[in-house]
Ligand SMILES: Cc1cc2nc3c(=O)[nH]c(=O)nc-3n(C[C@H](O)[C@H](O)[C@H](O)COP(=O)(O)OP(=O)(O)OC[C@H]3O[C@@H](n4cnc5c(N)ncnc54)[C@H](O)[C@@H]3O)c2cc1C
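Numbering (the numbering used here), first residue to last: 48 to 482.
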């Protein structure tokens, strides 16, 4: 076992995965987690027989290593599903993705989308490299932009696509060929589009079973241990209870915007970079109900402003073990800009919208569970890349590896954080061997 003082801050999926990889390389480390349990966002809560995640947490894979690792951790407790995803707009359900299923739209809207598409296809595609609005209009035309991609993305990100770059896109929005989109204006397509056409989910125990399984083979996890300060000069972290721990290498998965409050004064250029980070937050209302409100759909996107949530998903269609028999459960997700508060009035607004859209109908609500996810999605605006790279370089010079979705400040999935964790563990191991 290599002995060096390696501390990991945060025992979410990233912290756990980094420790898991380091332990397998024969490297000892210690993890400090402020909550009373591990998992971070990759946790589940059990309330009277209902198992709720922090809104939907489904596993998507395009990497064999990540799949094999998760399969080895979950074994038979992992089921594969074919996505049933929809968009609710103009009072009807359109199969996802919108751009490949124009046939379902009211005739006038369909014509608008088609003429925009044909006009856009005359220009050179993908010319607008780093403006999200430009990318939308060039790939899909004004009609699809106006009727779905702009309103949905504005609602989801809480800023206009005009103010965003394309750095995060990386396959998140499917771009079918022109002929596939034209065919989809006539009839339902059999093609499966997008990174999430399939997904995997634990049969039992919710998504927490993944974090718990990792944690069971990681040593030295200290829960209920909040990091309250980082002394960059002394290479020391302060913990709640005023204990101090020295480090040679620090791996932090704490959200980047929290760092200045932990370190105290920073060089002007770095604190300016921190002040440029933007993010959105998500208000997540989970409901346990007395029936399986919908027996087919996995999740639905809502682009219209009059409906508060941007997405609803049906837990009971991910696994029969997430609810008591014959009961159902679902989640709603509302985005809001950083710094804004969402009060409990949102609960009744969301429930009203669930009834008006026919999702709840007369279902009786048995349980409600609320999560306010402060750091939900890092926002890729035009300051993002420079601010992030200044900060990460600065931290790295201080022997701090800032990792994870909120530590490396990227739109990372669970698969992505596992892959990033492996790379970070290898890098730390490389540094240790050089010493
Ligand atoms: C609404 C939403 C839906 C998502 N859906 C999916 C999905 O369907 N599929 C998918 O693959 N991914 C999904 N994700 C992404 C997924 O949640 C993340 O990629 C992953 O969980 C990030 O793990 P992490 O460890 O980097 O961060 P976190 O889970 O945030 O972990 C950070 C940990 O650090 C701890 N911490 C913070 N401050 C301190 C401190 N001062 N001291 C000690 N500990 C501290 C926290 O308590 C936490 O446990 C979703 C994310 C959101 C927000």
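Think of the CB as a built atom: it goes at the ideal place given N, C-alpha and C, for glycine as much as any other residue.
Cβ-heavy atom distance, residue i to ligand 1, below 8 angstroms
| i | result |
| --- | --- |
| residue 309 | yes |
| residue 61 | yes |
| residue 470 | no |
| residue 288 | no |
| residue 420 | yes |
| residue 85 | yes |
| residue 228 | no |
| residue 399 | no |
| residue 66 | no |
| residue 81 | yes |
| residue 273 | yes |
| residue 302 | yes |
| residue 329 | yes |
| residue 164 | no |
| residue 72 | no |
| residue 218 | no |
| residue 424 | yes |
| residue 130 | no |
| residue 244 | no |
| residue 452 | yes |
| residue 363 | no |
| residue 58 | yes |
| residue 103 | yes |
| residue 416 | no |
| residue 278 | no |
| residue 462 | yes |
| residue 292 | no |
| residue 41 | A question about residue 41 goes unanswered here, because the residues of the chain that appear run from 48 up to 482. |
| residue 459 | yes |
| residue 334 | no |
| residue 89 | yes |
| residue 305 | yes |
Nearest to residue i (by Cα), restricted to the options the options
| i | options | result |
| --- | --- | --- |
| residue 228 | 216, 158 and 426 | 158 |
| residue 345 | 442, 140, 67 and 64 | 140 |
| residue 136 | 385, 179, 263 and 194 | 194 |
| residue 498 | 72, 71, 73 and 80 | This structure does not reach residue 498, given that the chain is present from 48 up to 482, and the question cannot be answered. |
| residue 394 | 404, 380, 165 and 386 | 380 |
| residue 426 | 269, 401, 455 and 473 | 455 |
| residue 252 | 206, 276, 177 and 104 | 104 |
| residue 126 | 201, 373, 246 and 215 | 246 |
| residue 236 | 145, 214 and 295 | 145 |
| residue 418 | 57, 89 and 472 | 89 |
| residue 72 | 390, 177 and 472 | 472 |
| residue 343 | 64, 132, 78 and 180 | 132 |
| residue 78 | 277, 469, 262 and 424 | 262 |
| residue 107 | 93, 234, 248 and 95 | 248 |
| residue 210 | 272, 429 and 440 | 429 |
| residue 167 | 373, 183 and 219 | 183 |
| residue 238 | 142, 294, 186 and 255 | 142 |
| residue 147 | 119, 120 and 186 | 186 |
Opening and closing residue of the beta strand (DSSP E) in which residue i lies
| i | result |
| --- | --- |
| residue 125 | 125–129 |
| residue 105 | No beta strand (DSSP E) contains residue 105, which DSSP labels as neither H nor E. |
| residue 378 | 375–384 |
| residue 369 | Run containing residue 369: none; DSSP gives neither H nor E here. |
| residue 54 | 53–56 |
| residue 91 | 91–94 |
| residue 328 | 326–336 |
| residue 360 | 358–361 |
| residue 77 | 77–79 |
Endpoints, alpha helix (DSSP H) assigned at residue i
| i | result |
| --- | --- |
| residue 487 | This structure cannot settle anything about residue 487, because the visible part of the chain is limited to 48 through 482. |
| residue 342 | Residue 342 -> no alpha helix (DSSP H), and no H or E assigned at all. |
| residue 468 | 461–481 |
Cutoff 9 angstroms: residue i Cβ touching any chain C Cβ
| i | result |
| --- | --- |
| residue 468 | Among the chains in the structure shown there is no chain C, since it carries only a single protein chain. |
Contact test: residue i Cβ vs ligand 3 heavy atom, cutoff 8 angstroms
| i | result |
| --- | --- |
| residue 345 | Among the ligands in the structure shown, ligand 3 does not appear; only ligand 1 can be found there. |
Sufficient close CB pairs (3 or more, under 8 angstroms) joining the segment 329–338 to the segment 113–126: Look at the beta carbons and you see the segment 329–338 not touching the segment 113–126: under three pairs across the two are nearer than 8 angstroms.
I want to know whether the segment 292–304 touches the segment 364–373 - three or more CB-CB distances under 8 angstroms. Short answer: they don't touch.
Would you list, in sequence order, the uninterrupted beta strand (DSSP E) runs of no fewer than 3 residues that lie entirely inside the segment 243–323? For secondary structure counted as the beta strand (DSSP E) over 3 or more consecutive residues, the segment 243–323 holds these complete runs in sequence order: 245–249, 274–278, 283–286, 291–293 and 296–299.
Alpha helix (DSSP H) runs wholly inside the segment 173–227, at least 4 long, in chain order: DSSP runs (the alpha helix (DSSP H)) wholly in the segment 173–227: 179–191 and 197–204.
Where in the segment 110–169 do unbroken runs of the alpha helix (DSSP H), each at least 4 residues long, occur, reported from the N-terminal end onward? For secondary structure counted as the alpha helix (DSSP H) over 4 or more consecutive residues, the segment 110–169 holds these complete runs in sequence order: 111–121 and 154–169.
Restricting to runs no shorter than 3 residues, where is the beta strand (DSSP E) found entirely within the segment 394–457? As far as the segment 394–457 is concerned, its whole beta strand (DSSP E) runs of at least 3 residues are 412–425 and 447–449.
Count the C-beta pairs between the segment 458–474 and the segment 68–79 that are closer than 8 angstroms, then say yes if the count reaches three, no if not. At 8 angstroms Cβ cutoff, the stretches touch.
Decide if the segment 281–300 is in contact with the segment 314–324; the criterion is three or more beta carbon pairs, one per stretch, under 8 angstroms apart. In this structure the segment 281–300 does not lie against the segment 314–324, because fewer than three pairs of beta carbons, one per stretch, are closer than 8 angstroms.
Decide if the segment 395–408 is in contact with the segment 351–361; the criterion is three or more beta carbon pairs, one per stretch, under 8 angstroms apart. When Cβ pairs closer than 8 angstroms are counted between the two stretches, the segment 395–408 is seen to touch the segment 351–361, the count reaching three or more.
Is the segment 434–445 in contact with the segment 401–408, if contact means three or more CB pairs nearer than 8 angstroms? Fewer than three beta-carbon pairs drawn from the segment 434–445 and the segment 401–408 are found closer than 8 angstroms, and the two stretches are therefore not classed as touching.
Is it the case that the segment 198–215 contacts the segment 95–104, given that we only count it when at least three CB pairs across the two stretches are under 8 angstroms? Here the segment 95–104 makes no contact with the segment 198–215; the two share fewer than three CB pairs at distances below 8 angstroms.
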